[in-house]
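Take a look at the structure set out below.
Numbering (the numbering used here), first residue to last: 256 to 437.
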């Protein structure tokens, strides 16, 4: 039941927006009682955070599966990551990075959803820094931060203007930066 609620909420959040998808709408679309929703998600904020977490987890599962095919921890993994990034944000299903969605819909930095969005952005930076470290980059932390800025910016522009080429330009900028870091 939990998965069904989350699936319905995901569809509504991604097609109508988080604020426009009220609890009553989620309940009606799920065909459940209000008490059932609150049994699994004690508040709408918790449901939203779980949605963002699932969206993020799907990305990392996909990227890790693709990177696992490349057994080396060489710089080639970083180049492959750039290709995968471009592929991911240019798919028709891409509707934004989870932390962009959360922070835009909840701009108050004290709000739990905004706070969680910041955590997700930091998680991406740590992930990219770790890949850079495994590839032998001397200043892996800085490269991770720089790649995060490029990837987040490219994703946002590609979301605002699909097919604009922002993803490809961000990919190329990231590759240039990686080469300069070697």
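The beta carbon of each residue, even a glycine, is placed where N, CA and C say it ideally should be.
Whole-angstrom distance between residue 279 and residue 410, CA atom to CA atom: Working through the chain shown from its first residue, we reach residue 410 at position 155. Working through the chain shown from its first residue, we reach residue 279 at position 24. Their Cα atoms are separated by approximately 32 Å.
Cβ neighbours of residue 386 in the same chain (closer than 7 Å, five flanking residues each side left out): Position 131 of the chain shown, counting from 1, holds the residue named residue 386. Contacts found: 332, 333 and 336.
query: What is the rounded straight-line gap between the Cα of residue 436 and the Cα of residue 273?
result: Looking up residue 436 in the chain shown gives position 181. Looking up residue 273 in the chain shown gives position 18. If you take the alpha carbons of residue 436 and residue 273, they lie about 39 Å apart.
- prompt: What is the rounded straight-line gap between the Cα of residue 296 and the Cα of residue 302?
  reply: The residue you call residue 296 lines up with position 41 of the chain shown. The residue you call residue 302 lines up with position 47 of the chain shown. Their Cα atoms are separated by approximately 6 Å.
message: Taking the straight line between their C-alpha atoms, what separation do you get for residue 419 and residue 360?
response: Within the chain shown, numbered from 1, the residue matching residue 419 stands at position 164. Within the chain shown, numbered from 1, the residue matching residue 360 stands at position 105. Computed Cα separation, rounded: 24 Å.
field: Stretch-stretch touch, CB-based, cutoff 8 Å, three pairs: the stretch 352–369 with the stretch 307–321
entry: yes
task: Would you kindly work out how many angstroms separate the C-alpha atoms of residue 298 and residue 426, rounded to a whole number?
output: In the chain shown, the residue the question calls residue 298 occupies position 43. In the chain shown, the residue the question calls residue 426 occupies position 171. The straight-line gap from Cα to Cα measures roughly 38 Å.
query: Thinking C-beta only, is residue 264 closer than 8 Å to residue 276?
result: Here residue 276 refers to the residue found at position 21 of the chain shown. Here residue 264 refers to the residue found at position 9 of the chain shown. The answer is yes: Cβ separation under 8 Å.
- prompt: Does DSSP classify residue 267 as helix, strand or coil?
  reply: In the chain shown, residue 267 corresponds to position 12, counting from 1. Helix at residue 267.
message: In this structure, how does DSSP classify residue 399 when only helix, strand and coil are distinguished?
response: As a first step, residue 399 must be located in the chain shown, where it is residue number 144. In the three-state reduction of the DSSP assignment, residue 399 falls in the helix class.
task: Could you tell me which of 312, 292, 339 and 258 sits nearest to residue 325, measuring between CA atoms?
output: What you label residue 325 is simply residue 70 of the chain shown in a count that begins at 1. Closest option to residue 325, Cα to Cα, is 339.
- prompt: When the distance is taken between beta carbons, is residue 422 closer than 8 Å to residue 344?
  reply: Counting from one through the chain shown, the residue named residue 344 turns up at place 89. Counting from one through the chain shown, the residue named residue 422 turns up at place 167. Going by C-beta atoms, residue 344 is nearer than 8 Å to residue 422.
message: Between 363, 290, 285 and 346, which has its C-alpha nearest residue 417's C-alpha?
response: Stepping through the chain shown from its first residue, residue 417 is reached at position 162. It is 346.
task: Could you check the C-alpha separation between residue 256 and residue 312 for me, to the nearest Å?
output: The residue you call residue 256 lines up with position 1 of the chain shown. The residue you call residue 312 lines up with position 57 of the chain shown. Their Cα atoms are separated by approximately 20 Å.
- prompt: In whole angstroms, what is the alpha-carbon distance linking residue 389 and residue 381?
  reply: By one-based count along the chain shown, residue 389 stands at place 134. By one-based count along the chain shown, residue 381 stands at place 126. Roughly 12 Å between the two C-alpha positions.
task: Using three-state DSSP, classify residue 354 as helix, strand or coil.
output: Indexing the chain shown from 1 puts residue 354 at position 99. Under the three-state reduction of DSSP output, residue 354 falls in the helix class.
query: Can residue 376 and residue 399 be called in contact, C-beta distance under 8 Å?
result: In the chain shown, residue 376 corresponds to position 121, counting from 1. In the chain shown, residue 399 corresponds to position 144, counting from 1. No, the Cβ-Cβ distance between residue 376 and residue 399 is not below 8 Å.
- prompt: Which same chain residues, not among the five before or five after residue 341, have their C-beta less than 7 Å away from its C-beta?
  reply: On the chain shown, position 86 is the one that residue 341 refers to. Excluding residues within five positions, the ones whose Cβ falls inside 7 Å are 422, 423 and 426.
- request: Would you mind listing the alpha helix (DSSP H) stretches within the stretch 282–308 that are 4+ residues and don't spill past its ends, in chain order?
  value: Fully contained in the stretch 282–308 are the following alpha helix (DSSP H) runs of length 4 or more, in chain order: 289–295.
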